[in-house]
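Those protein sequences? They're chains A and B, same order as listed.
Quick note: the first sequence uses full-length UniProt numbering, first residue 1, plus one each step.
Quick note: the second sequence uses full-length UniProt numbering, first residue 1, plus one each step.
For glycine and all other residues, C-beta sits at the position ideal for the given N, C-alpha and C.
Okay, structure first, notes after.
Protein chains: 2
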Amino acid sequence: MGILKCGYLGPPGTYSEQAGISYFTVDEKLVSYNSIYNIFEGIQSGEIDRGLVPIENSLEGAVNVSMDLLYSNSFVTILAELIFPINNCLLVEKGVGLADITKVYSHPQPIGQSNKFINSKLSAASISYTASTAEAAEIVKGSSDSAVIGSERISDIYGLEVIAKKIQDNDNNFTRFFVIANKLDIGGLVYKKDRDYKTSLICAPRINKSGALYNILGDFAEEGVNLTRIESRPTKRQLGEYLFYIDFEGHRQEKNIKKALDGVQEKSSFFRVLGSYLIEKI
Amino acid sequence: MGILKCGYLGPPGTYSEQAGISYFTVDEKLVSYNSIYNIFEGIQSGEIDRGLVPIENSLEGAVNVSMDLLYSNSFVTILAELIFPINNCLLVEKGVGLADITKVYSHPQPIGQSNKFINSKLSAASISYTASTAEAAEIVKGSSDSAVIGSERISDIYGLEVIAKKIQDNDNNFTRFFVIANKLDIGGLVYKKDRDYKTSLICAPRINKSGALYNILGDFAEEGVNLTRIESRPTKRQLGEYLFYIDFEGHRQEKNIKKALDGVQEKSSFFRVLGSYLIEKI
Numbered sequence: 001m002g003i004l005k006c007g008y009l010g011p012p013g014t015y016s017e018q019a020g021i022s023y024f025t026v027d028e029k030l031v032s033y034n035s036i037y038n039i040f041e042g043i044q045s046g047e048i049d050r051g052l053v054p055i056e057n058s059l060e061g062a063v064n065v066s067m068d069l070l071y072s073n074s075f076v077t078i079l080a081e082l083i084f085p086i087n088n089c090l091l092v093e094k095g096v097g098l099a100d101i102t103k104v105y106s107h108p109q110p111i112g113q114s115n116k117f118i119n120s121k122l123s124a125a126s127i128s129y130t131a132s133t134a135e136a137a138e139i140v141k142g143s144s145d146s147a148v149i150g151s152e153r154i155s156d157i158y159g160l161e162v163i164a165k166k167i168q169d170n171d172n173n174f175t176r177f178f179v180i181a182n183k184l185d186i187g188g189l190v191y192k193k194d195r196d197y198k199t200s201l202i203c204a205p206r207i208n209k210s211g212a213l214y215n216i217l218g219d220f221a222e223e224g225v226n227l228t229r230i231e232s233r234p235t236k237r238q239l240g241e242y243l244f245y246i247d248f249e250g251h252r253q254e255k256n257i258k259k260a261l262d263g264v265q266e267k268s269s270f271f272r273v274l275g276s277y278l279i280e281k282i
Numbered sequence: 001m002g003i004l005k006c007g008y009l010g011p012p013g014t015y016s017e018q019a020g021i022s023y024f025t026v027d028e029k030l031v032s033y034n035s036i037y038n039i040f041e042g043i044q045s046g047e048i049d050r051g052l053v054p055i056e057n058s059l060e061g062a063v064n065v066s067m068d069l070l071y072s073n074s075f076v077t078i079l080a081e082l083i084f085p086i087n088n089c090l091l092v093e094k095g096v097g098l099a100d101i102t103k104v105y106s107h108p109q110p111i112g113q114s115n116k117f118i119n120s121k122l123s124a125a126s127i128s129y130t131a132s133t134a135e136a137a138e139i140v141k142g143s144s145d146s147a148v149i150g151s152e153r154i155s156d157i158y159g160l161e162v163i164a165k166k167i168q169d170n171d172n173n174f175t176r177f178f179v180i181a182n183k184l185d186i187g188g189l190v191y192k193k194d195r196d197y198k199t200s201l202i203c204a205p206r207i208n209k210s211g212a213l214y215n216i217l218g219d220f221a222e223e224g225v226n227l228t229r230i231e232s233r234p235t236k237r238q239l240g241e242y243l244f245y246i247d248f249e250g251h252r253q254e255k256n257i258k259k260a261l262d263g264v265q266e267k268s269s270f271f272r273v274l275g276s277y278l279i280e281k282i
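Here it is, written out as structure tokens:
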């Protein structure tokens, strides 16, 4: 199928791009999108073959936009999950030192994650928020008294120098991504017994009352299926009505999992398996 | 105890303020805070007696900041829950008509919620995002060609005119608030058998493995306790490790609920009841 085109949440220099570079091979082309919504649209229209979308972060929790789009775009399936470490760096124009910095620019998230470093090493600097780390890099480029907090990748793109690495408060900062594709494109994916798989599904209990989720989880417990994540999202129809996102170990073609899924489907008014996929660590 | 001081997420004109006005009596004083974090701080220091914090919205889901602060501030207890309808209005300077509007200002959320109205009635207008609806109102005040999307309350504060009501796409837009207080202040709250209560807790299963949440939910199912919400949040220590927030009907002093809670506590490495509280509808 020629060169694969892979969409990510841009602009270049984001952690999403860095994760994409680590995961995809050089024969694949990374395409920058300005929203997660547009990545899903690109997959539907065939503009791209794969999408890399952030799903959850170890500090911030679920990425709700991605969760909601997985529900509303039924043509999508998950091919892989990617665990990517988020390492914030401090970058400056070449020759600028820590003592020269009077202004720090970045997206609110990296700044919020680097409080301790800012308070101890940059306590006199003013903080300005930008829409992306790339926008901050544009501002800092050529400046003799400002710095940007962002990914190491920004150094390659903007020719800025990394003067501090891993400046985040909490070292357990990982983002989990899904590699998604259009179901129409990947009909022929083969299940290999010797590989580690996970499976994700969305369901809504048929009766939204006491014990509904308990009964659903019972189907997994009975079959000894190891659940790795349960998230709820509003159905957007009524306060107090939820969809459940459940991730577990194993492939939907395994016998015990098939059995558990049959039980869950029977108890659900909405039920969709998002895919059985490979686990990739970077 | 004299006049109660009640903190809310400001500035004046927000939906939080409107909810506060509906709930608290005229003898209580509303105090504007610029972050939910600062409301919790105000309660700890005794600067305010009550805090009104948004917990979840029927369209957007959980308010993660509030969830995380309930976990990290153990001095706080929940006194009441409040369900407040979010109704977006279009407001202009007096005398300005729909046809005059070429610019629309608001926080990204009300704009995102009012897509259909904007596309059908204001398709030629440019959209500008502001940090709050109050900031947008400041800009629109005195202008002959711009409008702000926000709460009806903005009309009282800025003397602007409401020219359209309920312009949101989805009419099921409700925000659930908690009224919180310092445990030290409300030692003497009495449980009344004839009132409707809900209880909220946070727990982390002792063993983070297959069936852990299932076993916890089993304690509630056995005692016939009706769960109304389950949310997970990351522990921030390791990707894949979660805290569970569970809400259910009833008061912790009821016999069956006591029994269920004992069972849950036994299976948890972290366990805290946030409070048994009254349900208030506006």
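Interface residues of chain C facing residue i [CB-CB closer than 8 Å]
i         : result
Asn172(B) : Annotation note: the requested chain C is absent from the structure, which comprises protein chains A and B.
Partner residues on chain A for residue i, Cβ-Cβ distance less than 7 Å
i         : result
Glu231(B) : Ser232
Ile83(B)  : Leu239
Thr228(B) : Gly240
Ala181(B) : Within 7 Å Cβ-Cβ: nothing; Ala181(B) doesn't reach chain A, min ~24 Å.
Rounded separation between residue i and residue j - CA only
i         : j         : result
Ile139(A) : Tyr105(A) : 8 Å
Leu69(A)  : Tyr37(A)  : 7 Å
Ser132(B) : Asn172(B) : 22 Å
Ser155(B) : Gly97(B)  : 15 Å
Ser268(B) : Thr130(B) : 43 Å
Leu160(A) : Val92(A)  : 5 Å
Glu17(A)  : Tyr23(A)  : 10 Å
Gly263(A) : Tyr33(B)  : 48 Å
Val179(A) : Ile43(A)  : 11 Å
Gln168(A) : Asn256(B) : 45 Å
Ile101(B) : Ser120(A) : 48 Å
Ser151(A) : Leu217(A) : 39 Å
Gly250(B) : Leu227(B) : 10 Å
Lys94(B)  : Val76(B)  : 44 Å
Leu274(B) : Phe248(B) : 12 Å
Asn215(B) : Tyr242(A) : 21 Å
Ser123(B) : Gln113(B) : 15 Å
Val148(B) : Ala99(B)  : 14 Å
Ala181(B) : Gly240(A) : 24 Å
For residue i, three-class secondary structure by DSSP
i         : result
Asp68(B)  : helix
Val179(A) : strand
Ala260(A) : helix
Asp156(B) : helix
Gly13(A)  : coil
Gly275(A) : strand
Phe220(B) : helix
Asp247(A) : strand
Lys141(A) : coil
Thr77(A)  : strand
Gly46(B)  : coil
Tyr214(B) : helix
Ala147(A) : strand
Gly51(A)  : strand
Lys193(B) : coil
Gly228(A) : It should be pointed out that residue 228(A) corresponds to Thr in this sequence rather than to Gly. Note: Thr228(A) maps to strand in three-state DSSP.
Contacts of residue i in chain B (Cβ-Cβ under 7 Å)
i         : result
Gly61(A)  : Asn64, Arg233 and Pro234
Leu217(A) : Leu213, Tyr214 and Leu217
Ala80(A)  : Simply none; closest approach about 16 Å.
Ala99(A)  : Residues of chain B passing the Cβ test: none, with the nearest at roughly 31 Å.
Proximity test, residue i beta-carbon vs the ligand FAD heavy atom, cut-off 8 Å
i        : result
Glu41(A) : In the structure on display, the ligand FAD does not appear, and there are no ligands present to speak of.
Chain B contact residues for residue i, given Cβ-Cβ distances below 8 Å
i         : result
Arg176(A) : Leu239
Ala204(A) : What Ala204(A) touches in chain B: nothing, since even the nearest Cβ is about 13 Å away.
Ala19(A)  : Per Cβ cutoff of 8 Å: no residues; Ala19(A) is ~14 Å from chain B at best.
CB-CB length for residue i against residue j, believed under 8 Å
i         : j         : result
Gln253(A) : Tyr191(A) : 5 Å
Ile157(A) : Gly13(A)  : 5 Å
Ile279(B) : Glu47(B)  : In fact, because the Cβ distance is near 27 Å, the residues do not count as touching under 8 Å.
Leu90(A)  : Ala164(A) : 4 Å
Amino acids of chain A, ordered along the chain, whose beta-carbon sits closer than 9 Å to that of residue i
i         : result
Gly250(B) : Simply none; closest approach about 11 Å.
Ser58(B)  : Pro234, Thr235, Lys236, Arg237, Gln238, Leu239, Gly240 and Glu241
Within chain B, the residues that residue i reaches when beta carbons sit closer than 9 Å
i         : result
Ala260(A) : Correct list: empty, because the minimum Cβ distance to chain B is about 11 Å.
### Task
Kindly confirm or deny that the segment 206 to 222 of chain A and the segment 181 to 190 of chain A touch, where touching means at least three C-beta pairs closer than 8 Å.
no
### Query
Can we say the segment 58 to 68 of chain A touches the segment 226 to 239 of chain B, given the rule of at least three CB pairs closer than 8 Å?
yes
### Message
Would the segment 2 to 9 of chain B count as touching the segment 23 to 43 of chain B if we require 3 or more Cβ pairs under 8 Å?
### Response
yes
### Three or more C-beta pairs below 8 Å linking the segment 48 to 56 of chain B and the segment 104 to 120 of chain B
no
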